[in-house]
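Trainee:
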Amino acid sequence: MASFARFVLCGGGVGIASSGAVALLAALMPWAVANALITVASTILCTELHALFTFGTGRRAGWRRHLQSAGSATAAYAVTSAAMLVLHVVQPSPGMLWEQVVYLGAAGLAGIGRFLVLRLFVFAGGRNRTTARAKSMATSIAMTCGSSVALRSAGCSGLSRNGLAPVS
């Protein structure tokens, strides 16, 4: 749940900024082109943010993860473009407010799908390695101090301040 909250903060913040940027660029070029440019730029930025903060890999995303993330960005581009196309078919001159409502709604739905793809496929390896390290550390601590019953009977009440040696 915490990673989803970080995803929403990072991705949502960039998404809101992207929404404004698309609207501004759309005044200078076709909307689909503006959306494509902003989608590419925001995807690169978000992939880096997600690698460092959302999924806690502790390092930058790298080319492999950027390329994997590009697939979910392509889907997000298709969803937002289709939503805007439908809006303009239904209302030929919807105004900027309606464009923002529809764009942000479509981007939100696409974002949920993107979170799942990134969590389950793109950044899954980093999370598994972190989990494996945590399990290994827990096993080492358990082997050092023994079970909770053995802890009490041996007078081992915890770990030292540095977390490495048992304290009795």
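The opening position of the sequence shown corresponds to residue 45 in my numbering, with each subsequent residue numbered one higher. Every residue, glycine too, gets a C-beta built ideally from N, C-alpha and C. None of the values given here were measured: they were computed from a predicted structure.
Where does Thr101 sit, in a helix, a strand or coil, going by DSSP?
Mentor: Looking at Thr101 - three-state DSSP - the assignment turns out to be coil, as it is neither helix nor strand.
Trainee: Confirm, please, whether the CB-CB distance from Tyr121 to Thr83 is below 8 Å.
Mentor: Going by C-beta atoms, Thr83 is nearer than 8 Å to Tyr121.
Trainee: Are the Cβ atoms of Phe97 and Cys54 separated by less than 8 Å?
Mentor: Yes, Cβ-Cβ distance for Phe97 and Cys54 is below 8 Å.
Trainee: Are the CB atoms of Ser155 and Gly59 nearer to each other than 8 Å?
Mentor: Contrary to the premise, residue 155 reads as Gly rather than Ser in this sequence. Contact flag set, yes.
Trainee: So, for Phe167: in the same chain, excluding its five sequence neighbours on each side, which residues have a beta-carbon less than 6 Å away from its beta-carbon?
Mentor: Cβ within range, chain order: Phe99.
Trainee: Take the Cβ of Phe165 as the centre, count every other Cβ of all protein chains shown within 10 Å, and call the residue buried at 16 or more, exposed below.
Mentor: Flag for Phe165 reads exposed.
Trainee: For Ala105, count the other beta carbons within 10 Å of its own beta carbon; 16 or more makes it buried, fewer makes it exposed. Which is it?
Mentor: With 16 or more Cβ atoms within 10 Å of its Cβ, Ala105 is classed as buried.
Trainee: For the alpha helix (DSSP H) holding Met140, just list the boundary residues, first then last.
Mentor: Per DSSP, Met140 belongs to the alpha helix (DSSP H) from 139-161.
Trainee: Take the Cβ of Arg108 as the centre, count every other Cβ of all protein chains shown within 10 Å, and call the residue buried at 16 or more, exposed below.
Mentor: So Arg108 ends up on the exposed side.
Trainee: Please determine, among Ala67, Val123, Leu162, the residue with the shortest C-alpha to C-alpha distance to Leu153.
Mentor: The residue with the shortest Cα to Cα distance from Leu153 is Val123.
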